[in-house]
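Novice: Before anything else, here's the structure in question.
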Amino acid sequence: MNNRFKHICVIGLGYIGLPTAATFAAHGVKVTGVDVNPYAVDVINQGKVHIVEPDLDALVRDVVAQQKLSAQLTPAAADAYIVAVPTPFKDNHEPDLKYIEAAAKAIAPHLTKGNLVILESTSPVGTTEQMAAWFSESRSDLTFPQQAGEEADILIAHCPERVLPGKVLQELISNDRIIGGMTARCSQAAIDLYKVFVKGDCIETNARTAEMCKLTENSFRDVNIAFANELSIICDKLDINVWELVALANRHPRVNILQPGPGVGGHCIAVDPWFIVSKTPEQARLIRTAREVNDSKPEWVIDQVKIKIAEFLQANPEKTIQDVTVACYGLAFKPDIDDLRESPALNITKKLAEQGLNILVIEPNIQELPAKLPSNIELITLNDHQQADIHLILVDHSCFKLSLRLNSEYIIDTRGLIK
Ligand code: SAJ
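Under this note's numbering, the first residue of the sequence shown carries the number 2, and numbering increases by one thereafter.
Listed below in structure tokens is the structure:
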């Protein structure tokens, strides 16, 4: 283990902060985890977890039992600080940095000469410099890289997280890491810290490039998914099977089209491109349009359901709209996870229920429906799906791929499962 960082403080114990804190603790570093949510702090101190991520529960149980990880509501003095708090956007798509500001103000009183502070939260370009400015406002007795360069008392870097939900514990260790120090000395300190467990390469750059790199990765994905989603709508008009089309085009050695779906979910790819658009609205035309294309896909799916219902009622004139039952396959934002946050599948299901339709949901990864859903939605098992009139496939869970067999004319397949 590297001797330089014996005790670190991780601010924000969510989907990134908690696995990061637990992984450092498992590699012998004493970790104080900090979260403003008293429930999360309590649960972690009992050796349990408040989020679902494969193998995280066992890891947290072990490191808490070994007293390597403990949680509390406010930061403590440490050798290094890692900020992993959310960076949401406001209603106008402008980034909201209030959690980073609050974290900086909570850390500032504890800073001592030689400390390293790493911002891991996905951030608009310039946020690391802003965080450094917040520190220097609170601590005129210390020097920071923006004033003192390599001589600064406090070292600051941006090292964005890039792990895939569902594979966080593996990717934390195996992924390459972008290290954006405010100076070369800051980068070297951050590399020394991550090398405690990172097996991938730690690649040095400056803080602004590191910020933009993370936003670029997710925008690249968003733009490419938008291309696939737009193709699916074009193909529907032209009576072409988009899944066959994509597979054929991808036989070209330099073409690699992503998969269309019901929209883009989660809290990264659907959010981060806006951070580029808000800084450079005149220039980021393609990135903005991709966001709009992906955000409008759920409405298109709902229109497809309405068309199928009209066809069904025409073929079954004895029935009325109140008799129609729609089965929705999947609620999660992507396959084989239970995460429903910003899920297009969940939004589509909710909107269909609000129109008075009877909805059956098949989501094998959850035990009960979220409390806020309308009462005309029922959670059923895959075995009971045949009772539905209309079948809407929203998530390509592995179990659907293996065992979903539909014998119906009334199928809307947003994931190409039936093909
Ligand atoms: N999706 C499609 N078609 C595709 C691929 C994805 O419709 O071909 C949809 C998914 O169904 C889902 C959404 O996109 O709704 C996002 O899923 P994802 O698996 O592509 O990505 P996330 O949001 O789970 O994680 C991303 C990752 N970024 C990249 O792959 C560039 C991850 O590495 C990041 O760490 C994470 O965002 C993050 O935290 O920013």
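Every residue gets a Cβ at the ideal spot worked out from N, C-alpha and C, and that includes glycine. Only a predicted model underlies this, so the values are computations on that prediction, with no experimental measurement involved.
Let's test the definition: count the other Cβ atoms within 10 Å of the Cβ of Ser-175 and tell me whether it reaches 16, buried, or not, exposed.
Specialist: Here residue 175 refers to the residue found at position 174 of the sequence shown. That one is exposed.
Novice: Which runs of the beta strand (DSSP E) spanning at least 3 residues fall entirely within the stretch 319-360, listed in chain order?
Specialist: Listed in chain order, they are 326-330.
Novice: Whole angstroms are fine: how far does the CA of Thr-350 sit from the CA of Lys-1?
Specialist: Coverage of the chain is limited to positions 2 through 420, which leaves residue 1 absent and any answer about it impossible.
Novice: If you run the structure through DSSP and keep just helix, strand and coil, what is Cys-214?
Specialist: Along the sequence shown, read from residue 1 onward, the residue named residue 214 stands at position 213. Helix at Cys-214.
Novice: Cβ of Leu-165 versus every heavy atom of ligand 1: is any distance shorter than 7 Å?
Specialist: For the purposes of this step, residue 165 is identified with residue 164 of the sequence shown, where counting begins at 1. At least one heavy atom of ligand 1 is nearer than 7 Å to the Cβ of Leu-165, so yes.
Novice: Would you mind working out which of Thr-128, Leu-117, Lys-298 sits nearest Ala-79, comparing C-alpha positions?
Specialist: Along the sequence shown, read from residue 1 onward, the residue named residue 79 stands at position 78. Minimum Cα distance to Ala-79 is reached at Leu-117.
Novice: Any heavy atom of ligand 1 closer than 7 Å to the Cβ of Phe-145?
Specialist: One-based indexing of the sequence shown puts residue 145 at position 144. Checking every heavy atom of ligand 1 against the Cβ of Phe-145, none is found closer than 7 Å.
Novice: Among the residues of its own chain, which have a CB less than 6 Å from the CB of Phe-198, if the five just before and after it don't count?
Specialist: As a first step, residue 198 is located in the sequence shown; it is residue number 197 there, counting from the start. The answer, listed in chain order, is Thr-24, His-28, Ile-174.
Novice: So for Gly-34, helix, strand or coil by DSSP?
Specialist: Position 33 of the sequence shown, counted from the first residue, corresponds to residue 34. Three-state result, Gly-34: strand.
Novice: Return the Cβ separation of Val-32 and Ile-12 in integer angstroms, given the expectation that the two are a contact with Cβ distance under 8 Å.
Specialist: For the purposes of this step, residue 32 is taken as residue 31 along the sequence shown, with counting starting at 1. For the purposes of this step, residue 12 is taken as residue 11 along the sequence shown, with counting starting at 1. Not confirmed; about 11 Å, so no contact.
Novice: So what's Val-118 in DSSP terms, helix, strand or just coil?
Specialist: Position 117 of the sequence shown holds residue 118. Three-state DSSP puts Val-118 in a strand.
Novice: Does Glu-205 come out as helix, strand or coil in the three-state DSSP assignment?
Specialist: To locate residue 205, count along the sequence shown from 1; it is residue 204. Note: Glu-205 maps to strand in three-state DSSP.
Novice: Starting from Asp-273 and walking both ways along the beta strand (DSSP E), at which residues does that stretch end?
Specialist: Locating residue 273 in the sequence shown gives position 272, where the first residue counts as 1. Here Asp-273 belongs to no beta strand (DSSP E); instead the alpha helix (DSSP H) covers 273-280.
Novice: Roughly how many whole angstroms lie between the Cα atoms of Phe-6 and Val-224?
Specialist: As a first step, residue 6 is located in the sequence shown; it is residue number 5 there, counting from the start. As a first step, residue 224 is located in the sequence shown; it is residue number 223 there, counting from the start. So the two alpha carbons sit approximately 40 Å from each other.
Novice: What number of angstroms, rounded off, separates the C-alpha of Leu-358 from the C-alpha of Ala-191?
Specialist: Position 357 of the sequence shown, counting from 1, holds the residue named residue 358. Position 190 of the sequence shown, counting from 1, holds the residue named residue 191. If you take the alpha carbons of Leu-358 and Ala-191, they lie about 54 Å apart.
Novice: Looking at the secondary structure, which residues open and close the alpha helix (DSSP H) in which Gly-18 lies?
Specialist: If you number the sequence shown from 1, residue 18 lands on position 17. Residues 18-27.
Novice: Could you give the first and the last residue of the continuous alpha helix (DSSP H) run that contains Val-169?
Specialist: Position 168 of the sequence shown, counted from the start, is the residue given in the question as residue 169. Segment 169-175, the alpha helix (DSSP H) holding Val-169.
Novice: Would you list, in sequence order, the uninterrupted alpha helix (DSSP H) runs of no fewer than 4 residues that lie entirely inside the stretch 217-265?
Specialist: Counting only runs of 4 or more, we get 243-250.
Novice: Exposed or buried, Leu-19, counting other C-beta atoms within 10 Å across all chains shown (16 or more means buried)?
Specialist: Locating residue 19 in the sequence shown gives position 18, where the first residue counts as 1. Counting Cβ neighbours within 10 Å, Leu-19 comes out buried, since at least 16 surround it.
Novice: Beta-carbon separation of Thr-113 and Tyr-100 under 8 Å?
Specialist: As a first step, residue 113 must be located in the sequence shown, where it is residue number 112. As a first step, residue 100 must be located in the sequence shown, where it is residue number 99. Not closer than 8 Å, so no.
Novice: Let's see if you can read the secondary structure: which residues bound the beta strand (DSSP E) around Tyr-195?
Specialist: Numbered from 1 along the sequence shown, position 194 holds the residue referred to as residue 195. Tyr-195 -> not in any beta strand (DSSP E); alpha helix (DSSP H) instead, spanning 185-195.
Novice: Answer yes or no: do Ile-9 and Val-164 have a C-beta to C-beta separation smaller than 8 Å?
Specialist: What you label residue 9 is simply residue 8 of the sequence shown in a count that begins at 1. What you label residue 164 is simply residue 163 of the sequence shown in a count that begins at 1. For Ile-9 and Val-164, no; Cβs fall outside 8 Å.
Novice: Return yes when the C-beta of Phe-6 is under 7 Å from any heavy atom of ligand 1, and no when it is not.
Specialist: On the sequence shown, residue 6 is found 5 positions in, with the first residue counted as 1. Every heavy atom of ligand 1 is 7 Å or more from the Cβ of Phe-6, so no.
Novice: To the nearest angstrom, report how far apart Gly-331 and Asp-337 are at their CA atoms.
Specialist: Numbered from 1 along the sequence shown, position 330 holds the residue referred to as residue 331. Numbered from 1 along the sequence shown, position 336 holds the residue referred to as residue 337. Each residue's Cα considered, the two are about 9 Å apart.
Novice: Near Ser-137, what residues of its chain come up, given a Cβ to Cβ distance below 6 Å and the 5 sequence neighbours on each side ignored?
Specialist: Here residue 137 is taken as the residue at index 136 of the sequence shown, counted from 1. Here the set comprises Phe-145.
Novice: For Asp-154, which residues from the same chain have a beta carbon less than 6 Å from its beta carbon, with the 5 sequence-adjacent residues on both sides left out?
Specialist: The residue labelled residue 154 in the question sits at position 153 within the sequence shown. Same-chain partners within the cutoff: Lys-114, Leu-143, Thr-144.
Novice: Answer yes or no: do Met-132 and Ala-158 have a C-beta to C-beta separation smaller than 8 Å?
Specialist: Position 131 of the sequence shown holds residue 132. Position 157 of the sequence shown holds residue 158. Cβ distance not < 8 Å, so Met-132 and Ala-158 don't count as in contact.
Novice: Tell me the residue span of the alpha helix (DSSP H) that contains Gln-305.
Specialist: Here residue 305 refers to the residue found at position 304 of the sequence shown. Segment 286-316, the alpha helix (DSSP H) holding Gln-305.
Novice: Quick one: complete beta strand (DSSP E) runs, 3+ long, within the stretch 43-99?
Specialist: Within the stretch 43-99, the complete beta strand (DSSP E) runs of at least 3 residues are 70-73, 81-84.
Novice: Would you check if there are 3 or more beta carbon pairs closer than 8 Å linking the stretch 317-329 to the stretch 268-280?
Specialist: Contact between the stretch 317-329 and the stretch 268-280 is absent, because fewer than three Cβ pairs lie under 8 Å.
Novice: Does the stretch 226-233 touch the stretch 243-263, meaning 3 or more C-beta pairs lie closer than 8 Å?
Specialist: The answer is yes - the stretch 226-233 touches the stretch 243-263, with three or more Cβ pairs under 8 Å.
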